[in-house]
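Residue numbers (the numbering used here): 84 to 919. All C-beta atoms in this analysis are idealised placements derived from N, C-alpha and C, irrespective of residue type, glycine included. Structure, as structure tokens:
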Amino acid sequence: MTNTDAFPQESVAATNARAEPPVEVVNGVFPSLTTAFDEVAKASLPPVTLGFTLFHFFLAVAYAVFLPPELLPQIVPLVGGTAVFLLALYGVIRFWEMPASWAQPVGVGIATLSISTVFIHLYQSMEPRQTSILTFLLIGMSVFLLSWRWLGFILIGTLTGWLLVVYRWPLSPSLVYNGILLILSLGISVIVFFVRRQSVVRYELLRWQDGQRQALLRRRAKQMETSMSLGRHITSILDLDALLQTVAELIKAQYGLYYVAVYLLDSALSGYLERRVGVGGNSNGQKRSQMRIRVGREGLVGWVAGNGRHLLVNDVLQDSRYIPHDLVSQTRSELDLPLRAGRRLLGVLSLQSDETAAFDPEDLPFLQSLADQVAIAIDNAMLYQGERSARSLAETMHKMGRALTGTLEWNEVLELILGQLAELVAYDRGSVFVHRGGHLELVAARGFPEAAQPNQIRISLENESIFREIYETQRPLFIPDVLQWPDWQQIETLPLARAWLGVPLIHGEEVVGMLSLTRETTAPFTEESIALATTFAAQAAVGLENARRFDKTTRFSQQLEYEVAQRTQAIQEAYARLEQLDQAKSDFIAIASHELRTPLTILRGYSQMLFQQNSVQQDEQIEKLARGIESGAMRLEEVVSSMLEVAKIDNRALELYPKQISLDTLFSHLAEGFASALAERQITLAIVNISNLPLVEADPSALEKVFYHLLINAIKYTPDGGTIHVSGVVHQANGNISSADKVEVLIRDSGIGIDPDMHELVFSKFYQTGEVALHSSAKTQFKGGGPGLGLAITRGIVEAHGGKIWLESPGYDENTYPGTTFHVLLPLSLEPVAAV
């Protein structure tokens with residue numbers, strides 16, 4: 084027996100598209116079938132009731148004609164009354180919205196009433212042949228019922244009632260025969276019930292699987308939308324902090340997460356991650372949250388950074404690696420993704436939800452791809468910041484190089500260095516000492532008080548150890564606190580120094596001086612500051628070399644800007660020329676189509692006059708030539724009409740006269756027109772689900788041209804013996820009929836297909852697939868010729884109706900015939916327009 088509460092997830096073959104909505108999917112588990120059985124029974128109840136009503140009416144008439152007179156007063160009113168009662172019940176069912184759970188009990192009641200009338204007739208007539216009527220009733224009820232309980236009730240009740248009626252009858256061959264017939268009917272009813280029930284179960288399973296696929300497609304579409312939205316926002320952001328904030332806010336908003344954080348490797352402290360941005364969580368815990376995490380040793384984020392792969396935890400409270408934080412006290416599930424740029428680990432993207440098992444494992448590849456995209460953007464922002472710092476340094480070095488080339492005064496050059504260095508390295512006092520004899524002489528100063536007279540400061544080297552160390556090592560010397568340095572010599576006229584940095588001035592291989600930078604607090608000089616100071620204190624040759632390189636870079640940038648400007652101007656001129664050519668082509672189409680109408684009219688008129696001549700009618704050869712002229716003129720008139728349509732579309736002069744039309748009638752008319760061409764080439768045209776579509780408000784003539792060109796296109800590129808399938812589906816905006824609803828018509832052929840690169844080009848004017856020289860002249864022959872305007876007209880008309888048209892095809896192949904599917908999406912209601 085099939086379980087009605089759940090159903091195993093088995094793989095089944097795909098079925099044809101249908102208009103019914105899919106079964107609601109609950110957490111990926113197949114829902115209960117009891118409700119589905121009740122809905123099916125409710126839909127079947129009206130015809131079943133009507134069938135039983137007609138059965139009793141006919142049975143009453145038969146009884147009135149063939150029953151013995153003594154049984155007529157009892158049986159005929161009983162059967163007729165049952166028919167009248169069932170007819171009234173049918174009316175109630177038709178116009179009253181009955182709960183679905185009542186359908187099968189009501190059906191059982193109808194069956195019980197019908198079987199009871201048969202038992203009364205059987206009891207009064209004592210004729211075993213009346214048992215055959217029960218066979219029809221039982222089989223009919225087994226087609227309706229979908230519950231084993233109700234079926235068992237009917238079958239057991241029928242057999243019990245029949246035995247109670249006939250158990251006192253004398254045994255006869257007729258009684259035995261009808262008893263066997265009743266038992267066989269019970270078996271057949273069980274088989275029919277089982278087959279129908281299984282078909283309903285399979286149908287519901289297919290609907291459920293379709294719902295699963297649609298849910299997956301919606302999730303994938305949301306993922307693609309998120310990826311595209313993220314890509315659009317972050318590609319132009321080069322500021323790292325703004326980039327990280329934008330990434331966290333977008334991901335949190337798109338996925339409805341509780342908390343999103345980005346951790347990056349700490350450049351100043353090796354082996355640690357620094358939380359650079361966090362969005363969401365508890366605002367009260369922000370200040371007390373941990374800002375640095377040790378790689379591989381602390382928390383889930385540290386584990387991901389140490390192992391270099393993602394980590395999904397459906398319940399963080401069950402994971403021993405999780406470290407609670409007051410900032411994210413409500414976190415229940417967490418997904419941490421490594422941020423990698425190539426093989427380099429930049430940090431970790433942490434996604435947290437306040438629900439357990441909030442992340443689908445199937446989404447991990449996409450989310451990791453999203454993290455890789457974010458990592459690339461972060462890497463680009465870091466490179467940009469590094470490039471910006473390098474550019475600033477290069478500009479400063481360029482200024483210094485210009486100063487060196489403009490003067491031979493060393494002191495002036497050093498003063499310029501101090502001025503430029505102050506923009507990159509913060510200090511309170513800066514000075515340049517030159518080694519002259521046994522002294523260090525201050526030759527340039529910045530930030531000194533006026534009363535200090537820095538030009539008169541000289542330091543003896545007899546007992547001095549600081550400059551000696553710099554001189555011998557030729558490396559900078561940093562003293563975090565001069566008060567802790569025993570050999571420090573404090574100048575009385577200067578404020579007390581605390582942090583100090585000395586950088587050697589090297590000329591060739593000899594230290595000729597020292598750059599002194601002092602801070603009046605213990606704020607340390609960072610490694611970056613020391614490196615910058617060392618660069619500024621380098622020899623003039625290094626500055627000149629840097630200036631030369633910067634100048635080369637500047638010239639290259641100017642040349643590049645010039646070439647870009649030239650290319651931009653050329654592109655603009657080419658674009659303007661293309662616009663002129665396109666307008667000229669549209670004007671030519673309009674003029675040519677109008678000018679060709681007059682000679683076409685003359686050709687058709689003269690050809691018709693030829694047919695009226697006796698000499699033409701009597702000469703078969705001349706008549707054939709005249710018909711050829713008329714056929715060519717008609718074909719040319721079709722081309723001219725197409726050109727006029729294109730001209731109207733290009734000039735936005737296409738006028739629509741909408742009214743309510745039936746797509747079923749339209750396609751029936753088109754199918755009749757193509758009947759001979761389809762029969763000649765043995766192509767099968769199947770039109771399904773069109774009759775169920777609602778009426779569409781559109782211009783009948785324009786819409787007929789749309790599907791005429793699409794069917795012509797399908798016939799032309801489908802080989803002999805192929806198939807063309809036309810179907811339709813309704814898209815409801817909110818589940819109810821409204822003006823926002825749309826109708827989608829699909830025309831699928833088994834033809835040569837279209838290359839994916841050409842899916843948009845085929846809608847261009849005069850575009851044709853394949854080699855035009857190989858096309859035949861007949862428009863319905865395989866790969867037949869044509870002006871290449873049909874799809875351009877089709878798109879123009881569809882868009883004028885506020886619709887959309889596109890195609891799907893895996894590719895072009897004249898051996899495997901992959902086929903093409905055209906989609907036409909039309910609104911049910913057309914907005915009133917005078918001209919498009």
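Check your understanding: Is DSSP giving residue 815 helix, strand or coil here?
Key -> Here residue 815 corresponds to residue number 732 of the sequence shown, with the count starting at 1. DSSP places residue 815 in coil when its eight states are reduced to three.
Review point. Thinking just about the alpha-carbon of each residue, which of 769, 278, 297 is nearest to the one in residue 228?
Key: Here residue 228 refers to the residue found at position 145 when the sequence shown is read from its first residue. Nearest of 769, 278, 297 to residue 228, Cα basis: 278.
Exercise for review: Kindly indicate which residue of 607, 270, 206, 769 has the alpha-carbon position closest to the one of residue 807.
Suggested key: As a first step, residue 807 must be located in the sequence shown, where it is residue number 724. Cα-wise, what sits closest to residue 807 is 769.
Review point. Taking C-alpha atoms, which residue in 877, 597, 332 lies nearest to residue 886?
Key: Taking the sequence shown and counting its residues from 1, the one referred to as residue 886 is at position 803. Of the listed residues, the one whose Cα sits closest to residue 886 is 877.
**Study point:** Spatial distance of residue 414 from residue 285 (CA atoms)
**Key:** Translated into positions along the sequence shown, residue 414 becomes position 331. Translated into positions along the sequence shown, residue 285 becomes position 202. So the alpha carbons of these two residues sit roughly 41 Å apart.
Check your understanding: What beta strand (DSSP E) runs, 3 residues minimum, are completely inside the stretch 362 to 412?
Key -> 375 to 377, 394 to 396
Exercise for review: State the start and end residues of the unbroken beta strand (DSSP E) segment that holds residue 431.
Suggested key: Numbered from 1 along the sequence shown, position 348 holds the residue referred to as residue 431. 427 to 436 is the extent of the beta strand (DSSP E) around residue 431.
Check your understanding: Taking the continuous alpha helix (DSSP H) assigned at residue 548, which residues delimit it?
Key -> Within the sequence shown, numbered from 1, the residue matching residue 548 stands at position 465. No alpha helix (DSSP H) holds residue 548; DSSP gives it neither H nor E.
Check your understanding: So which of 178, 207, 151, 244 has the shortest CA-CA distance to residue 196?
Key -> Here residue 196 corresponds to residue number 113 of the sequence shown, with the count starting at 1. Of 178, 207, 151, 244, the residue nearest in Cα terms is 244.
Practice item. With a 10 Å radius around its C-beta and 16 neighbouring C-beta atoms as the bar for buried, classify residue 386 as buried or exposed. Key: Reading the sequence shown from its first residue, position 303 is the one you call residue 386. Looking at its Cβ environment, which holds 16 or more other Cβ atoms inside 10 Å, residue 386 is buried.
Review point. Which residues does DSSP pair with residue 419 in a beta bridge?
Key: Within the sequence shown, numbered from 1, the residue matching residue 419 stands at position 336. Residue 419 pairs with 394, 433.
Check your understanding: Alpha carbon to alpha carbon, what distance is there between residue 135 and residue 204?
Key -> If you number the sequence shown from 1, residue 204 lands on position 121. If you number the sequence shown from 1, residue 135 lands on position 52. So the alpha carbons of these two residues sit roughly 17 Å apart.
Point to revise | Neighbourhood of residue 367 by C-beta, 8 Å cutoff - its chain only, sequence neighbours within 5 removed | key: By one-based count along the sequence shown, residue 367 stands at place 284. Low confidence applies to residue 367: its pLDDT is 46, below 50, so where it sits in the model is not reliable enough to give any reading.
Practice item. Say whether the stretch 742 to 754 touches the stretch 770 to 782, bearing in mind that this needs 3 or more beta-carbon pairs closer than 8 Å, one atom from each stretch. Key: yes
Point to revise | Reduced DSSP category for residue 793 - H, G, I as helix; E, B as strand; rest coil | key: Start at 1 with the first residue of the sequence shown, and residue 793 comes out as number 710. Reduced to three states, the DSSP call for residue 793 is helix.
Review point. Three-state secondary structure (DSSP) at residue 707?
Key: If you number the sequence shown from 1, residue 707 lands on position 624. Here residue 707 sits in helix by DSSP.
**Study point:** Where residue 251 falls: helix, strand or coil (DSSP)
**Key:** On the sequence shown, residue 251 is found 168 positions in, with the first residue counted as 1. Correct three-state label for residue 251: coil.
Check your understanding: If we ignore side chains and look at the alpha-carbon of each, how far apart do residue 338 and residue 552 end up?
Key -> Along the sequence shown, read from residue 1 onward, the residue named residue 338 stands at position 255. Along the sequence shown, read from residue 1 onward, the residue named residue 552 stands at position 469. In a straight line, the C-alpha of residue 338 is about 60 Å away from that of residue 552.
Review point. Do residue 903 and residue 836 have their C-beta atoms closer together than 9 Å?
Key: Numbered from its first residue, the sequence shown carries residue 903 at position 820. Numbered from its first residue, the sequence shown carries residue 836 at position 753. Yes, these two residues count as a Cβ contact at 9 Å.
Exercise for review: Measure the C-alpha to C-alpha separation of residue 915 and residue 783 and round it to an integer number of angstroms.
Suggested key: Residue 915 sits at position 832 when you count from the first residue of the sequence shown. Residue 783 sits at position 700 when you count from the first residue of the sequence shown. Reliability of the predicted coordinates at residue 915 is poor, the pLDDT of 49 falling under 50, and no value is obtained from them.
Check your understanding: From what residue to what residue does the beta strand (DSSP E) around residue 560 run?
Key -> Residue numbering aside, residue 560 sits at position 477 when the sequence shown is read from its first letter. Here the beta strand (DSSP E) through residue 560 covers 560 to 562.
Review point. In this structure, does DSSP put residue 837 in helix, strand or coil?
Key: Working through the sequence shown from its first residue, we reach residue 837 at position 754. Three-state DSSP puts residue 837 in coil, outside helix and strand.
Review point. Helix, strand or coil for residue 449 per DSSP?
Key: Counting from one through the sequence shown, the residue named residue 449 turns up at place 366. Helix.
**Study point:** Range of the contiguous beta strand (DSSP E) that encloses residue 832
**Key:** Counting from one through the sequence shown, the residue named residue 832 turns up at place 749. 825 to 832 is the span of the beta strand (DSSP E), which, as asked, contains residue 832.
**Study point:** the stretch 264 to 279 contacting the stretch 214 to 232, beta-carbon criterion three pairs below 8 Å
**Key:** yes
Exercise for review: In angstroms with no decimal places, state the Cα-to-Cα distance between residue 211 and residue 261.
Suggested key: Counting from one through the sequence shown, the residue named residue 211 turns up at place 128. Counting from one through the sequence shown, the residue named residue 261 turns up at place 178. So the two alpha carbons sit approximately 6 Å from each other.
Exercise for review: Can you grab the Cα-Cα spacing for the pair residue 347 / residue 403, in whole Å?
Suggested key: Position 264 of the sequence shown, counted from the first residue, corresponds to residue 347. Position 320 of the sequence shown, counted from the first residue, corresponds to residue 403. Their Cα atoms are separated by approximately 23 Å.
Exercise for review: Inspect the beta-carbon positions of residue 905 and residue 875 and report whether they are closer than 9 Å.
Suggested key: Here residue 905 is taken as the residue at index 822 of the sequence shown, counted from 1. Here residue 875 is taken as the residue at index 792 of the sequence shown, counted from 1. No, the Cβ-Cβ distance between residue 905 and residue 875 is not below 9 Å.
**Study point:** CA-to-CA distance, residue 514 to residue 613, given in whole angstroms
**Key:** The residue you call residue 613 lines up with position 530 of the sequence shown. The residue you call residue 514 lines up with position 431 of the sequence shown. Going by the C-alpha atoms only, they are around 15 Å apart.
Practice item. Would you kindly report the start and end of the unbroken alpha helix (DSSP H) that includes residue 335? Key: Along the sequence shown, one-based indexing puts residue 335 at 252. Looking at the DSSP string, the run of the alpha helix (DSSP H) that includes residue 335 is 323 to 338.
Review point. Are the stretch 128 to 143 and the stretch 238 to 257 touching by the rule of at least three beta carbon pairs closer than 8 Å?
Key: no
**Study point:** Within 9 Å, strictly: CB atoms of residue 602 and residue 528
**Key:** In the sequence shown, the residue the question calls residue 602 occupies position 519. In the sequence shown, the residue the question calls residue 528 occupies position 445. No, Cβ-Cβ distance for residue 602 and residue 528 is not below 9 Å.
Check your understanding: How many Å lie between residue 162 and residue 829 at the Cα?
Key -> One-based indexing of the sequence shown puts residue 162 at position 79. One-based indexing of the sequence shown puts residue 829 at position 746. Spanning the two alpha carbons is a distance of roughly 52 Å.
Review point. Distance, Cα to Cα, residue 581 vs residue 643?
Key: The residue you call residue 581 lines up with position 498 of the sequence shown. The residue you call residue 643 lines up with position 560 of the sequence shown. Residue 581 and residue 643: Cα-Cα distance of roughly 49 Å.
Practice item. Mind checking who residue 887 pairs with in its DSSP beta bridge? Key: Here residue 887 is taken as the residue at index 804 of the sequence shown, counted from 1. According to DSSP, residue 887 bridges with 908.
Review point. So the beta strand (DSSP E) residue 597 belongs to, where does it begin and stop?
Key: Counting from one through the sequence shown, the residue named residue 597 turns up at place 514. Residue 597 -> beta strand (DSSP E) spans 593 to 602.
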